[in-house]
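Input: a single structure, listed below in structure tokens.
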Amino acid sequence: MDWIDSVEGMQTRIQRTKQEGGRLALVPTSGVLSAGYGTVIEKAKAVADEVVVSILVDPLEFGPNEDYRQFPREPDEDRRLCEALGVDAVFAPSAEAIHPPTASIFVQETRLAEGLCGVSRPHHFRGVATTFVKLIHLLTPSVVVYSEHEMQRIAVIRQLIDNLFLPVEIETVPAVREADGLAADARNAYLDSTQRRDAVQIYAALLAGKRIYSGGNPSVDRIEAETINVMRDTRRLHVLYALVVDRFTMKEMREIIPGRSILKTGVLVDQIRLIDHIEF
Numbered sequence: 015m016d017w018i019d020s021v022e023g024m025q026t027r028i029q030r031t032k033q034e035g036g037r038l039a040l041v042p043t044s045g046v047l048s049a050g051y052g053t054v055i056e057k058a059k060a061v062a063d064e065v066v067v068s069i070l071v072d073p074l075e076f077g078p079n080e081d082y083r084q085f086p087r088e089p090d091e092d093r094r095l096c097e098a099l100g101v102d103a104v105f106a107p108s109a110e111a112i113h114p115p116t117a118s119i120f121v122q123e124t125r126l127a128e129g130l131c132g133v134s135r136p137h138h139f140r141g142v143a144t145t146f147v148k149l150i151h152l153l154t155p156s157v158v159v160y161s162e163h164e165m166q167r168i169a170v171i172r173q174l175i176d177n178l179f180l181p182v183e184i185e186t187v188p189a190v191r192e193a194d195g196l197a198a199d200a201r202n203a204y205l206d207s208t209q210r211r212d213a214v215q216i217y218a219a220l221l222a223g224k225r226i227y228s229g230g231n232p233s234v235d236r237i238e239a240e241t242i243n244v245m246r247d248t249r250r251l252h253v254l255y256a257l258v259v260d261r262f263t264m265k266e267m268r269e270i271i272p273g274r275s276i277l278k279t280g281v282l283v284d285q286i287r288l289i290d291h292i293e294f
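For the sequence shown, the working numbering begins at 15 and goes up steadily by one.
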């Protein structure tokens, strides 16, 4: 497996793949590759000849008072996991290599990024969009593969591909949960044992909301209220939102449409931001 930390080195590596006629899959990540990335990488291997995992803790995705400097970084563990999973190359550039001080062009999505996490993180999806476009131009993958843990990110990426006519496909795999039900996420590394005990109530709350619907009550207001109430019973959880939204447009829905509606939540566990969702 090649571990490449320069833009020039990655472009040389990609050129070789293209000359051989190979189909390239990109798995974009922030590192700290949890168990959830195993299924993402396996999917990438199934749809392409070569797999590149990008690792970048992207400063553009963080606000001025967020945890960019403290965000977990475990390059040695990431390398071991990628080697074990048969990844062909890892692209791990510095933030400065992707966003040099002279950079003055940004990409902004203005509809799907407005609500949900976009309310409390107004610059986050501008960073997501800008860095995605740069990675597509640098690596020219045939397909990108994501975990559905980050549904709003995926919706924004789909919009970018469509609106900017980017020559890349997108594939997704269902989100992975850890043994206690907590959705696999790099920020789980922040949680101490007490915080983790409380954090698992996020999934319990989503299940409680879904049970309202399964029990025959289709009221979106009732589903959202039950989800919030379960989390409010846990002292460390601060609910940022708990809403039924369209999985493709991220717009709030007033009725449940199975296969399209999801119950999505953003929560602070003390000051640790976690997201999760459940499908109907």
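The beta carbon of each residue, even a glycine, is placed where N, CA and C say it ideally should be.
Everything numeric in this text was worked out from a predicted model, so none of it was measured.
Just to confirm my understanding: we take residue i, look at its own chain, exclude 5 residues before and 5 after, and list those with CB closer than 7 Å. What are they?
i, result
"Arg135", "Gly77"
"Arg27", "Asp16, Ile18 and Ala103"
"Val283", "Leu205, Gln209, Asp212, Ala213, Arg250 and Leu251"
"Ile150", "Leu180 and Val182"
"Glu123", "Phe139, Ala143, Val170, Gln173 and Leu174"
"Gly141", "Asp72, Leu74 and Glu75"
"Gln215", "Val244, Met245, Thr248 and Leu251"
"Gln25", "Leu152"
"Cys254", "The question names Cys, yet the displayed sequence has Leu at residue 254. Excluding residues within five positions, the ones whose Cβ falls inside 7 Å are Ser134, Gly280, Val281 and Leu282."
Which residues in the same chain have their Cβ closer than 6 Å to the Cβ of residue i, if we skip the five residues on either side of it in sequence?
i, result
"Val71", "Ser44 and Phe85"
"Ser156", "Arg37 and Leu38"
"Ala219", "Thr241, Val244 and Met245"
"Ala222", "Glu240 and Val244"
"Lys224", "Ile292"
"Val109", "Correcting the residue identity first, residue 109 is Ala in this sequence and not Val. So the qualifying residues of the chain are Pro73."
What residue range is occupied by the uninterrupted alpha helix (DSSP H) comprising residue i?
i, result
"His138", "His138 to Leu153"
"Tyr51", "Gly50 to Val61"
In the DSSP assignment, the beta strand (DSSP E) including residue i goes from what residue to what residue?
i, result
"Ser233", "No beta strand (DSSP E) holds Ser233; DSSP gives it neither H nor E."
"Glu10", "As displayed, the chain neither begins before 15 nor continues past 294, which places residue 10 out of reach and without an answer."
"Ile28", "Where Ile28 is concerned, there is no enclosing beta strand (DSSP E), although the alpha helix (DSSP H) it sits in stretches over Val21 to Gln33."
"Asp16", "Asp16 to Ile18"
"Gly280", "Ser275 to Val283"
Short of 8 Å in beta carbon distance, which residues of its chain neighbour residue i, apart from the five on each side in sequence? Order them along the chain.
i, result
"Ser95", "One detail in the question is off: residue 95 reads as Leu in this sequence, not Ser. Cβ neighbours of Leu95 beyond the five flanking positions: Leu47, Tyr51 and Gly52."
"Arg210", "Asp194, Leu196 and Asn202"
"Arg87", "Gly45, Val46 and Val71"
"Glu164", "Ile289"
When you compare each of the options to residue i by their alpha carbons, which one comes out closest?
i, options, result
"Ser161", "Leu257, Leu40 and His252", "Leu40"
"Val67", "Asn79, Pro107, His138 and Leu254", "Pro107"
"Arg37", "Leu153, Leu251 and Val281", "Leu153"
"Ile271", "Arg27, Ile119, Val234 and Arg83", "Val234"
"Pro232", "Ala198, Ile216, Arg250 and Glu269", "Glu269"
"Arg250", "Asp290, Met24, Ala213 and Ala239", "Ala213"
"Thr248", "Asp199, Asn79, Lys278 and Tyr217", "Tyr217"
"Asp81", "Arg287, Ile168 and Pro89", "Arg287"
"Arg125", "Pro42, Val253 and Arg167", "Arg167"
"Glu64", "Val101, Asp90, Leu74 and Cys131", "Val101"
"Glu293", "Gly280, Gln285 and Ser275", "Ser275"
"Met267", "Val159, Glu34, Ile289 and Ile237", "Ile237"
"Ile184", "Met24, Thr31, Gln33 and Lys57", "Lys57"
"Ala62", "Lys32, Glu88, Asp90 and Pro89", "Lys32"
"Ser20", "Ala198, Phe105 and Arg87", "Phe105"
"Val54", "Ala198, Leu254 and Asp90", "Ala198"
"Tyr227", "Leu254, Val258 and Gln215", "Val258"
"Val158", "Ile289, Gln29 and Pro42", "Pro42"
"Ala60", "Gly23, Leu99, Gln29 and Val133", "Leu99"
"Ala200", "Arg30, Glu91 and Glu22", "Glu91"
"Ala127", "Gly229, Gly35, His137 and Gly230", "His137"
Is it a yes or a no for the segment 168-177 touching the segment 202-214, going by three-plus beta-carbon pairs under 8 Å?
no
Please determine if the segment 257-269 and the segment 155-173 are in contact, where contact requires at least 3 C-beta pairs separated by less than 8 Å.
yes
Does the pairing of the segment 143-156 with the segment 111-121 give three or more beta-carbon distances under 8 Å?
yes
Note down, one range per segment and in chain order, each alpha helix (DSSP H) of at least 4 residues found wholly within the segment 160-225.
165-177 and 207-213
Could you tell me which whole alpha helix (DSSP H) segments of length 4 or greater appear in the segment 76-133?
89-98 and 109-112
Sufficient close CB pairs (3 or more, under 8 Å) joining the segment 229-244 to the segment 189-199
no
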